[in-house]
Structures are given as C-alpha cells and as structure tokens.
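The structure appears right after this line, and notes come after that.
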Amino acid sequence: MKLQKIIEGLALEVKTKTHDLTKEVTGGYASDLLSDVIANTKEGNVWVTIQTHINIVAVAALKELSGIILANGKVPDEDTLKKADDEGMPIMITTLPAFEVVGRLYTLGLRC
Amino acid sequence: MEKDCEVEVVMMYDKFEKNVEGVFFLKGKDFTNAGTASSELKTILGEIGINQSIIRRAAIAAFEAEMNVIIYTPAGMMHYSVTPEILKVVVEDMGPGIEDIELAMTEGYSTAPDYIREMGFGSGMGLPNIKKNTDEMKITSSPGEGTTLEFVINLKKE
Numbered sequence: 000m001k002l003q004k005i006i007e008g009l010a011l012e013v014k015t016k017t018h019d020l021t022k023e024v025t026g027g028y029a030s031d032l033l034s035d036v037i038a039n040t041k042e043g044n045v046w047v048t049i050q051t052h053i054n055i056v057a058v059a060a061l062k063e064l065s066g067i068i069l070a071n072g073k074v075p076d077e078d079t080l081k082k083a084d085d086e087g088m089p090i091m092i093t094t095l096p097a098f099e100v101v102g103r104l105y106t107l108g109l110r111c
Numbered sequence: 000m001e002k003d004c005e006v007e008v009v010m011m012y013d014k015f016e017k018n019v020e021g022v023f024f025l026k027g028k029d030f031t032n033a034g035t036a037s038s039e040l041k042t043i044l045g046e047i048g049i050n051q052s053i054i055r056r057a058a059i060a061a062f063e064a065e066m067n068v069i070i071y072t073p074a075g076m077m078h079y080s081v082t083p084e085i086l087k088v089v090v091e092d093m094g095p096g097i098e099d100i101e102l103a104m105t106e107g108y109s110t111a112p113d114y115i116r117e118m119g120f121g122s123g124m125g126l127p128n129i130k131k132n133t134d135e136m137k138i139t140s141s142p143g144e145g146t147t148l149e150f151v152i153n154l155k156k157e
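Chains as they are written, first to last, in numbering that gives the first Met the number 0: chain F, 0 to 111; chain V, 0 to 157.
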C-alpha cells in the first residue's frame with residue numbers, strides 16, 4: 000500500500016514538504032517508547048505516535064520507516080519538521096487518537 | 000563487461016581486507032544531533048558492503064549506545080572498527096558511571112529523569128536491546144568516572 004492511500008484514507012494532514020508519498024508501506028507500528036520502536040519496527044513501516052520531538056526523525060530514518068503519523072492532535076516541533084524535511088521523512092498529523100488511527104489503518108488493509 | 004565486474008569485486012575485497020575504523024564524538028544533552036553517529040555508521044557499513052540484516056542489528060545497538068551517552072553523560076566517543084571477521088564498537092563516556100551493571104541490564108530498569116521518559120527514552124530497554132542485537136557485549140564502569148561499553152557483531156556466518 001502506498002503512503003498516499005493512507006493519507007487519503009485517514010484524511011491526514013501532511014506537515015513535511017520534502018518527501019516521497021509514493022513509498023510502499025510494509026506495515027505499521029504504534030508506540031511512544033523509542034527503544035521499543037527501534038527494536039520492533041521493520042523497514043517501510045508507518046509509525047503512529049504522540050511523540051513530537053526531533054529524535055523521532057532519527058529513529059524513523061535509522062529504521063527506514065515510510066512515515067510518522069502524529070495522533071491526537073499533536074503537532075511536530077519546528078526543529079522536528081526541519082530535520083524531517085532534510086531526511087525526506089514524511090510526517091502526517093491527525094486529531095484522531097492513536098487507537099482510532101491504528102483501527103483505521105487496519106481497516107484499510109494494513110498489517111504489521 | 001565481464002572484466003569490469005571482476006575489477007569491482009577485487010576492489011570491494013581490497014576495501015574489506017583493510018580494516019575500516021573511525022570515531023564519532025558525542026555531546027551530552029545534544030538531542031538535536033542525537034542519532035547522527037549511528038546513522039553515519041550505518042551508511043559506512045553499507046558502503047563497505049556488509050550484509051543488510053547485520054547492518055540493522057548494528058544500527059540498533061549503536062543507536063542505543065549513542066543515546067545513553069547523550070541522555071546520561073556530559074560527553075563520550077564511539078569508536079568503530081571493521082575487519083573481515085567482526086564489527087567492534089567501543090563507546091566511552093565521561094561519567095557518571097553505572098553503579099550496578101547487572102541491575103542496569105535488567106529490562107525495564109532505568110534511572111532516567113521524568114523529562115527524558117516523557118520523550119520516550121528511559122524505558123529500560125537500551126542495554127537489553129544492545130545485548131539482543133550483538134554477539135558479544137561488555138560493560139566496564141567506575142561510578143564517578145565513566146563507562147566503557149563494547150560490543151562485537153560477527154560478520155562471518157558460522
């Protein structure tokens with residue numbers, strides 16, 4: 000599934016400018032603990048979190064994730080967005096809580 | 000065409016025969032640049048031609064070690080060396096040191112302050128993550144002085 004389909008399906012707002020939304024999303028992972036994300040995500044996964052600080056970009060880039068969805072109305076810090084644009088890591092936001100985001104991703108057909 | 004391929008293989012072998020090594024300097028509390036060393040190490044391992052699944056393990060271990068220096072210490076350095084047999088990473092820091100290493104290795108144990116936990120760090124998974132992803136791991140620490148963490152990943156299939 001392409002990231003673009005997820006953005007449309009969940010009506011996500013894309014906050015980054017430099018990114019590739021045609022990336023293939025291989026699955027998803029939801030967690031706010033960075034070590035958990037580092038340990039358990041797979042390449043191409045989309046990550047659902049409420050963490051907004053700059054280190055989420057380092058984690059996502061290191062694991063070659065396809066994008067970060069900030070749930071529950073969270074917005075990325077300014078330096079987070081800048082780094083995400085530098086790294087080409089898409090960040091999307093939504094007012095939906097994480098539980099709802101994951102449910103909708105699953106309904107779209109995404110698996111972990 | 001065939002000859003080109005041969006040259007390429009010889010060059011890669013040559014590069015791999017020489018040990019590749021380097022060092023990254025890590026600054027405590029510098030969350031803006033946190034992760035840069037592990038990310039660069041990952042790129043270097045890719046350039047050398049290390050197997051992807053080994054790179055993934057190395058990246059996880061290096062990131063956790065790097066974050067420990069950023070979160071807990073004033074400064075440190077990460078030295079890496081790659082031989083045809085092993086990747087060895089040594090991370091040294093300037094303190095405060097670990098009082099009880101066995102306890103620190105316990106999954107879920109952390110001494111991180113609240114603001115670090117709120118960032119999603121300090122879940123007590125860092126050192127266990129390093130152990131899980133490496134073939135050898137050694138910590139030596141003197142409280143008040145500093146910690147040296149060393150890990151090795153075998154590059155040759157056994």
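The beta carbon of each residue, even a glycine, is placed where N, CA and C say it ideally should be. Since we're looking at a predicted model, the values are computed, not measured.
Tell whether a beta-carbon distance below 8 Å holds between residue i and residue j.
i	j	result
ASP57(F)	SER140(V)	According to the sequence displayed, residue 57(F) carries Ala and not Asp. Against a cut-off of 8 Å, the Cβ pair of SER140(V) and ALA57(F) comes out as no contact.
LEU154(V)	ILE49(V)	yes
GLY27(F)	CYS111(F)	yes
ALA68(F)	LEU11(F)	According to the sequence shown, residue 68(F) is Ile rather than Ala. Yes.
VAL90(V)	LEU148(V)	yes
ALA36(V)	ALA61(V)	yes
VAL13(F)	ILE6(F)	yes
MET93(V)	GLY145(V)	yes
GLU135(V)	TYR79(V)	no
PHE30(V)	ILE53(F)	yes
GLU65(V)	GLY34(V)	yes
THR40(F)	LEU64(F)	yes
ILE92(F)	THR15(F)	no
GLY87(F)	THR25(F)	no
LYS189(V)	VAL151(V)	This structure cannot settle anything about residue 189(V), because the visible part of chain V is limited to 0 through 157.
Hey, does residue i have any beta-carbon neighbour from chain F nearer than 8 Å?
i	result
ALA64(V)	no
THR72(V)	no
PHE24(V)	no
ALA105(V)	Here the sequence assigns Thr to residue 105(V), which means Ala is not the residue at that position. With 8 Å as the cut-off, THR105(V) does not count as an interface residue toward chain F.
ALA57(V)	no
VAL6(V)	Unreliable placement is indicated for VAL6(V), whose pLDDT of 42 sits below 50; no coordinate value is reported for it.
With a threshold of 8 Å between beta-carbons, can residue i be considered close to chain V, or not?
i	result
ALA97(F)	no
ALA38(F)	yes
ALA83(F)	no
ILE53(F)	yes
THR15(F)	no
ASP76(F)	no
ALA57(F)	yes
Show which residues of chain F have a CB atom less than 8 Å away from the CB atom of residue i.
i	result
LYS41(V)	LEU61
Which residues of chain V have a Cβ atom closer than 8 Å to the Cβ of residue i, listed in chain order?
i	result
GLN50(F)	MET118, GLY119
Give me the chain F residues within the contact set of residue i, using Cβ-Cβ distance strictly less than 9 Å, ordered along the chain.
i	result
SER122(V)	LEU32, LEU33, SER34, ASP35
Can we count residue i as close to the ligand ADP, meaning its CB is less than 7 Å from some heavy atom?
i	result
ALA83(F)	Summarising the ligand content, the structure contains no ligands, and the ligand ADP is consequently not present.
Exercise. Of the residues that make up the segment 5 to 35 of chain F, which ones have a beta carbon closer than 7 Å to any beta carbon in chain V?
Worked result: Of all residues in the segment 5 to 35 of chain F, the ones placed with a Cβ closer than 7 Å to any Cβ belonging to chain V are ASP31, LEU32, LEU33, SER34, ASP35, in chain order.
For this session: Name, going along the chain, the residues of the segment 29 to 40 of chain V whose beta-carbon falls closer than 7 Å to a beta-carbon of chain C.
Result: Absent from the structure: chain C. Protein chains present are F and V.
For this session: May I ask you to list, following chain order, the residues of the segment 126 to 140 of chain V that have a beta carbon less than 7 Å from some beta carbon of chain F?
Result: Those would be ASN128, in chain order.
Problem set entry | 4-residue-minimum alpha helix (DSSP H) runs that sit fully inside the segment 78 to 113 of chain V, ordered along the chain | Runs of the alpha helix (DSSP H) inside the segment 78 to 113 of chain V: 100 to 103.
Exercise. Unbroken beta strand (DSSP E) runs of length 3 or more, entirely within the segment 36 to 89 of chain F: which are they?
Worked result: The segment 36 to 89 of chain F contains, as complete beta strand (DSSP E) runs of 3+ residues, the segments 44 to 48, 66 to 69 (chain order).
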